[in-house]
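A.B. asks: Dropping the structure in here first, questions after.
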Amino acid sequence: MNRVLNFSAGPSAIDLSVLKRAKDDFLDYNGLGFNIMEVSHRGKVYDQIHNEAIGKIRKLYNLDDDYAVLFVQGGGHMQFAQVPMNLYNGGVAEYVNTGVWATKAIKEAKILGINHKIIASSEDTKFDHIPEINFSSTADYCYICSNNTIYGTQYKTYPDTKGSPLVIDASSDLLSREIDFKANDIGLLWGGAQKNAGPAGVTLVIVRKDLLDRVKDNVPTILRYKTQADANSLANTPPTFGIYMLGLVLDWIIQNGELNGISEKNQQKAELIYGFLDSCDFYTTHAQTNSRSLMNVVFKCPNENLDKEFVAQAEKNNMIGLKGHRNLGGLRASIYNAVSLESVKILVDFMSEFAKKNG
Ligand SMILES: *Cc1c(COP(=O)(O)O)cnc(C)c1O
């Protein structure tokens with residue numbers, strides 16, 4: 110077996126121990142003679158997996174009964190629409206534009222015809238930082254994207270909403286650090302599993318229950334958060350295998366010191382790679398220093414040909430996923446939870462060698 114070092118932006122690396130557990134269960138789950146994907150989502154066996162995954166998320170994020178934990182489908186793109194459909198309350202929704210994903214969310218608000226305002230943006234400097242933000246206390250909700258996967262920027266702390274509900278697209282830093290939901294006035298936090306929490310197909314939504322009743326009569330049943338909250342996310346067939354895989358990833362996070370342990374490791378990895386980039390004048394980085402993402406490290410070589418050569422040489426050395434996003438070009442190393450410190454060390458050694466040879 111030759112496992113590559115995987116720096117893909119999403120879908121992305123899953124720890125080998127998680128894949129091995131899934132492999133062991135694949136033909137015969139717990140000696141029951143079936144794969145979990147072959148049985149009813151209303152049966153006892155699946156029910157346990159479903160509720161344990163919800164329980165682990167509650168424990169890791171320290172959520173009290175004011176919050177509902179939901180599994181939905183449709184990915185991030187559906188959340189761009191589902192958020193305004195459910196949380197707009199006839200006032201103003203405030204958005205911060207920090208890149209492609211926030212722009213797409215704003216586009217859906219426009220399509221739905223809700224009154225919305227872009228109150229801060231970093232577009233004029235190619236989204237290289239998190240801008241100054243001044244939310245108002247009377248917003249229906251305040252929308253941010255906590256980690257900007259394409260540009261490699263991330264909120265170090267969440268902005269003050271003065272009590273308005275904060276809505277967070279946490280697709281690419283889900284379960285990567287501890288979050289105090291109450292202190293940050295979080296009304297809703299969502300993220301697709303495919304970056305930090307398992308395979309594509311499941312979207313985790315954590316929503317404050319008092320917001321569930323805002324939904325208007327013209328919103329289709331399956332697009333209401335309330336429908337899934339009332340049905341414990343079993344209003345229709347959930348992506349059972351994806352939720353099972355998410356459960357295995359949650360176990361792995363718990364074994365690795367919960368979110369505190371995971372976040373310490375993420376900081377070490379980021380310090381290693383940014384430390385190297387700062388010490389080497391061959392590469393340049395995209396994000397401003399105080400907005401740097403711990404998840405996606407965006408950098409480039411002195412010219413595009415060298416970027417291409419870097420990707421090709423990296424692949425020869427067993428490292429994949431390092432090509433930058435098509436919007437920005439250059440290179441990107443995604444160092445999500447499941448990318449080990451050892452893998453980052455090997456990448457940094459490769460980067461150093463490459464710079465020496467081509468500098
Ligand atoms: C990947 C990503 C999305 C899009 O998710 P889909 O599940 O592909 O719709 C949205 N927001 C952020 C921050 C992302 O990284």
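Note that the numbering used here has the sequence shown beginning at 110, numbered continuously upward.
No residue lacks a Cβ here, since even glycine has one placed at the ideal position from N, Cα and C.
Since the structure is predicted, the reported quantities are computational estimates derived from the model, not experimental observations.
Cutting at 7 Å between CB atoms, please list the residues of its own chain near residue 120, excluding the five before and the five after it.
C.D. replies: As a first step, residue 120 must be located in the sequence shown, where it is residue number 11. Counting only Cβ-Cβ distances below 7 Å, and skipping sequence neighbours, we find 303, 308 and 309.
A.B. asks: When DSSP builds the beta bridges, which residues end up paired with residue 428?
C.D. replies: Here residue 428 corresponds to residue number 319 of the sequence shown, with the count starting at 1. For residue 428, which the question treats as bridged, DSSP gives the partners 114.
A.B. asks: Cβ of residue 186 versus every heavy atom of ligand 1: is any distance shorter than 7 Å?
C.D. replies: Counting from one through the sequence shown, the residue named residue 186 turns up at place 77. Yes, ligand 1 has a heavy atom inside 7 Å of this Cβ.
A.B. asks: Going by DSSP, name the residue or residues bridged to residue 250.
C.D. replies: Walking along the sequence shown from the start, residue 250 turns up at place 141. DSSP, once it has assigned bridges, lists 202 as partnering residue 250.
A.B. asks: Tell me the DSSP bridge mates of residue 299?
C.D. replies: The count along the sequence shown starts at 1 and reaches residue 299 at position 190. DSSP output for residue 299 lists 278 and 314 as bridge partner(s).
A.B. asks: Are there three or more Cβ pairs, one per stretch, closer than 8 Å when the region 263-270 is compared with the region 172-189?
C.D. replies: No, the region 263-270 is not in contact with the region 172-189.
A.B. asks: Please determine whether the Cβ atom of residue 210 lies at a distance below 7 Å from any heavy atom of ligand 1.
C.D. replies: Counted from its first residue, the sequence shown places residue 210 at position 101. Indeed, a heavy atom of ligand 1 lies less than 7 Å from the Cβ.
A.B. asks: From residue 116 to residue 432, what does the alpha carbon distance come to, in whole angstroms?
C.D. replies: Taking the sequence shown and counting its residues from 1, the one referred to as residue 116 is at position 7. Taking the sequence shown and counting its residues from 1, the one referred to as residue 432 is at position 323. Answer to the nearest angstrom: the Cα atoms are 9 Å apart.
A.B. asks: So what does DSSP say about residue 455, is it helix, strand or coil?
C.D. replies: By one-based count along the sequence shown, residue 455 stands at place 346. In this structure, residue 455 counts as helix in the three-state DSSP scheme.
A.B. asks: Are the CB atoms of residue 204 and residue 396 within a distance shorter than 8 Å?
C.D. replies: Counting from 1 along the sequence shown, the entry for residue 396 is found at position 287. Counting from 1 along the sequence shown, the entry for residue 204 is found at position 95. Going by C-beta atoms, residue 396 is not nearer than 8 Å to residue 204.
A.B. asks: Throw me the rounded Cβ distance for the residue 445 and residue 305 pair, which I believe falls under 8 Å.
C.D. replies: Working through the sequence shown from its first residue, we reach residue 445 at position 336. Working through the sequence shown from its first residue, we reach residue 305 at position 196. 5 Å between Cβ atoms; contact.
A.B. asks: Helix, strand or coil for residue 245 per DSSP?
C.D. replies: Taking the first residue of the sequence shown as position 1, residue 245 is located at position 136. Three-state DSSP puts residue 245 in coil, outside helix and strand.
A.B. asks: With a floor of 4 residues, list each alpha helix (DSSP H) that falls wholly inside the region 146-224, ordered by position along the chain.
C.D. replies: Listed in chain order, the complete alpha helix (DSSP H) runs (minimum 4 residues) inside the region 146-224 are 153-169, 184-196 and 209-220.
A.B. asks: Which residue comes first and which comes last in the beta strand (DSSP E) that contains residue 448?
C.D. replies: Counted from its first residue, the sequence shown places residue 448 at position 339. Unbroken run through residue 448: none, as it is neither H nor E.
A.B. asks: Please determine, among 427, 449, 138 and 253, the residue with the shortest C-alpha to C-alpha distance to residue 350.
C.D. replies: Taking the sequence shown and counting its residues from 1, the one referred to as residue 350 is at position 241. Comparing Cα positions, the closest option is 138.
A.B. asks: Comparing C-alpha positions only, which one of 222, 353, 311 and 328 sits nearest to residue 162?
C.D. replies: Mapped onto the sequence shown, residue 162 falls at position 53. Among 222, 353, 311 and 328, the Cα nearest to that of residue 162 is on 353.
A.B. asks: Select from 426, 326 and 442 the residue whose C-alpha is nearest the C-alpha of residue 462.
C.D. replies: The residue labelled residue 462 in the question sits at position 353 within the sequence shown. For the residues 426, 326 and 442, the minimum Cα distance to residue 462 belongs to 426.
A.B. asks: My output table needs one value for residue 393: the three-state DSSP class, helix, strand or coil.
C.D. replies: Residue numbering aside, residue 393 sits at position 284 when the sequence shown is read from its first letter. If DSSP states are grouped into helix, strand and coil, residue 393 belongs with the strands.
A.B. asks: Leaving out the 5 sequence neighbours to the left and right, which residues in its chain are closer than 7 Å to residue 442 when beta-carbon positions are compared?
C.D. replies: The sequence position of residue 442 within the sequence shown is 333, counting from 1. The residues are 116, 382, 406, 431 and 456.
A.B. asks: Which whole-angstrom value is the C-beta distance of residue 313 and residue 408, which I expect to be below 8 Å?
C.D. replies: Against the sequence shown, residue 313 aligns to sequence position 204. Against the sequence shown, residue 408 aligns to sequence position 299. In fact, because the Cβ distance is near 30 Å, the residues do not count as touching under 8 Å.
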